[in-house]
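One line per chain: the protein sequences are A and B, in this order. Quick note: the first sequence uses numbering that gives the first Met the number 0, first residue 0, plus one each step. Quick note: the second sequence uses numbering that gives the first Met the number 0, first residue 0, plus one each step. See structure below.
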Amino acid sequence: MSVLAAAADSGLVMSTAEQWLFWTVGPIVVLSASALLFAKRAVVTACSVMLTMVGLAVLYVGLGAPFLGVVQVVVYTGAIMMLFVFVLMLVGVDISDSFVETIRGQRWLGTLFGLGLLAVLGGALARATFTQVIGVEAVSDGNNPGAIANLLFSDYAFTLEVTGCLLIIAAMGAVVLTHRVRLTKKLTQADMAAVKVREGMRLTPPPAPGNYARHNAADVPALDAAGKIIEDSVPDVLRMRGQVHTLRGVAQDLLPAEVAPVDAAPVDVVVDVVVDVVVEAAAAEPPPPADASAEAAPAEVAPVDVAPVEEGDTP
Amino acid sequence: MTVTAYLALASALFVIGAVTVLVRRNSIIVFMGIELMLNAANLAFLAFSRMWGELDGQLAALFVMVVAAAEVVVGLAIIVSLFRTRRTVSVDDENLMRH
Chain A
0 MSVLAAAADS GLVMSTAEQW LFWTVGPIVV LSASALLFAK RAVVTACSVM LTMVGLAVLY
60 VGLGAPFLGV VQVVVYTGAI MMLFVFVLML VGVDISDSFV ETIRGQRWLG TLFGLGLLAV
120 LGGALARATF TQVIGVEAVS DGNNPGAIAN LLFSDYAFTL EVTGCLLIIA AMGAVVLTHR
180 VRLTKKLTQA DMAAVKVREG MRLTPPPAPG NYARHNAADV PALDAAGKII EDSVPDVLRM
240 RGQVHTLRGV AQDLLPAEVA PVDAAPVDVV VDVVVDVVVE AAAAEPPPPA DASAEAAPAE
300 VAPVDVAPVE EGDTP
Chain B
0 MTVTAYLALA SALFVIGAVT VLVRRNSIIV FMGIELMLNA ANLAFLAFSR MWGELDGQLA
60 ALFVMVVAAA EVVVGLAIIV SLFRTRRTVS VDDENLMRH
């Protein structure tokens, strides 16, 4: 800090230390920011923008604003970008940008506009003359947060209060915008149990993957005591995506040739019942692709008449 | 040279953010471009604050950060509720008010 503080007094020319800082951090900042333009996945973009924010915080400290550097790290990297990552997680991490142009030539026009803006800003910078750099060390007097606080609570007190109002309104706005009015009755655990008994659904937890199995991966169905495949032991998500592996792929020695994954029809019936009961789930979830079960079962093996697990067999 | 270098860096960051807003389709990435533009403005504020030897520029940057935080909260809430109803975050598909 003392080196940087001495550098700030040097007037129109950067000191060597500040040049090192600027030419080290500046390219990192620009390169990581350009991921906004070139990275396909939104998560990659968010991570590199975080790097940009941290680099900018280093530059802020070099510019004689250590308080703002810390605030930059805490607010931008710690709060704002984390919020972005949370929303990415909600929205779906693996969404990527579509590169189909709905407006013809929009990308070229946007790039052209950017180059024009760069030319305008660069031209203005090249023509401008700046005064001698005074440096904020004299004003800060070795206590930058204290100096900022003095100014904030004297000259900028009203602005501070208005900002507080803004933050409260923003917080309430976020709550209001994401609030959803419940249209149906909330289902309790007792309701779900009653529905399961009434509809003859499974009352016990589904069998875990790996019961009597030769493989402990979640996408490989378990076997019951008779060596038959328990379809329910694979999570619903994997079944809907069609990512269930067959036992034929992992334990060929175990299975006779005619044993094949059972047809997923009983599972679909159960899913339909649940969807009928839980009405709001139907509004939130798109219907699973119709060919998911077809992809799960290989075409060359014939379906066998094995029910996944006896539904009414519970004691 | 001191101020000019920082302002050139701020200009580059601002242009990257602006082109991001114009070119990208994912509304979350567009939002990050807006954040980058705000940060470029903050960098310019701090450079000028040091040039004049006054702390008002630093306070302006502080208020920009506060406003950016409020903006992100509301904007991301809008994106989440749009995604809930439309199942997409692409800015091309948010044309419900046009039809």
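Glycine included, every Cβ here is placed at the ideal spot set by N, Cα and C.
Integer Cβ distance of residue i from residue j, believed to fall under 8 Å
{"i": "B/ASN38", "j": "A/LEU55", "result": "6 Å"}
{"i": "A/LEU202", "j": "A/LYS195", "result": "6 Å"}
{"i": "B/GLY56", "j": "B/PHE47", "result": "5 Å"}
{"i": "A/ILE147", "j": "B/LEU6", "result": "Their Cβ separation, rounded to whole angstroms, is 22 Å, which puts A/ILE147 and B/LEU6 out of contact at 8 Å."}
{"i": "B/VAL73", "j": "A/ALA123", "result": "At roughly 32 Å, the Cβ-Cβ gap does not stay under 8 Å, so B/VAL73 and A/ALA123 are not in contact."}
{"i": "A/SER232", "j": "A/PRO205", "result": "6 Å"}
Where residue i falls: helix, strand or coil (DSSP)
{"i": "A/LEU133", "result": "As written in the sequence, residue 133 of chain A is Ile, which differs from the Leu given in the question. It is coil, neither helix nor strand."}
{"i": "A/GLU257", "result": "Note that A/GLU257 has pLDDT 49, beneath the 50 cutoff, so the model's placement of it is unreliable and no number is given."}
{"i": "A/ASN149", "result": "helix"}
{"i": "A/ARG40", "result": "strand"}
{"i": "B/SER10", "result": "helix"}
{"i": "B/ASN25", "result": "strand"}
{"i": "A/SER139", "result": "helix"}
{"i": "A/LYS184", "result": "coil"}
{"i": "B/LEU37", "result": "helix"}
{"i": "A/PRO206", "result": "coil"}
{"i": "A/ARG201", "result": "coil"}
{"i": "B/GLU70", "result": "helix"}
For residue i, the nearest candidate out of the options (CA to CA)
{"i": "A/VAL53", "options": "B/GLY56, B/LEU35, B/ALA11", "result": "B/LEU35"}
{"i": "B/VAL20", "options": "A/LEU35, A/ALA146, A/GLY199", "result": "A/LEU35"}
{"i": "B/GLU70", "options": "A/GLU230, A/ALA225, A/ALA173", "result": "A/ALA173"}
{"i": "B/LEU54", "options": "A/VAL28, A/LEU151, A/THR177", "result": "A/LEU151"}
{"i": "B/GLY16", "options": "A/GLY109, A/ALA78, A/ILE167", "result": "A/GLY109"}
{"i": "B/MET64", "options": "B/ALA11, B/ALA76, B/LEU42", "result": "B/LEU42"}
{"i": "B/VAL18", "options": "B/PHE44, B/VAL66, B/LEU8, B/GLY32", "result": "B/GLY32"}
{"i": "A/PRO144", "options": "A/ARG179, A/TRP22, A/SER31, A/GLY63", "result": "A/GLY63"}
{"i": "A/LEU20", "options": "B/ALA4, B/ARG24, B/PHE44, B/VAL22", "result": "B/ALA4"}
{"i": "B/LEU45", "options": "A/HIS244, A/GLY226, A/ILE133, A/ALA224", "result": "A/ILE133"}
{"i": "A/LEU165", "options": "B/ALA40, B/ALA68, B/VAL90", "result": "B/ALA68"}
The ligand NAP heavy atom lying under 7 Å from the CB of residue i
{"i": "B/THR87", "result": "Among the ligands in the structure shown, none appear at all, so the ligand NAP cannot be discussed."}
In DSSP terms, what residue i is bridged to
{"i": "A/ILE228", "result": "A/LEU222"}
{"i": "B/SER89", "result": "B/ASN25"}
Neighbourhood of residue i by C-beta, 7 Å cutoff - its chain only, sequence neighbours within 5 removed
{"i": "A/LEU87", "result": "ALA41, VAL42, ALA45"}
{"i": "A/GLN242", "result": "ASP218"}
{"i": "B/ILE27", "result": "ILE78, VAL88"}
{"i": "A/VAL268", "result": "With a pLDDT of only 42 at A/VAL268, under the threshold of 50, the placement of this residue in the model should not be trusted, and no figure is reported."}
{"i": "A/MET80", "result": "ALA45, VAL48, MET49, MET52"}
{"i": "A/PHE75", "result": "Reading off the sequence shown, one finds Tyr at residue 75 of chain A, where the question assumed Phe. If we look at A/TYR75 and ignore the five residues flanking it on each side, its Cβ neighbours are MET52."}
{"i": "A/VAL24", "result": "GLY54, VAL57, LEU58"}
Nonlocal neighbours in the same chain, by C-beta distance under 8 Å from residue i, ignoring five residues either side
{"i": "A/VAL138", "result": "ALA146"}
{"i": "B/GLN92", "result": "First, the amino acid is wrong: residue 92 of chain B is Asp here, not Gln. Result list for B/ASP92: ARG85, in chain order."}
Residues near residue i by beta carbon distance below 6 Å, same chain, minus five either side
{"i": "A/LEU67", "result": "TYR59"}
{"i": "A/MET13", "result": "none"}
{"i": "A/ASP140", "result": "none"}
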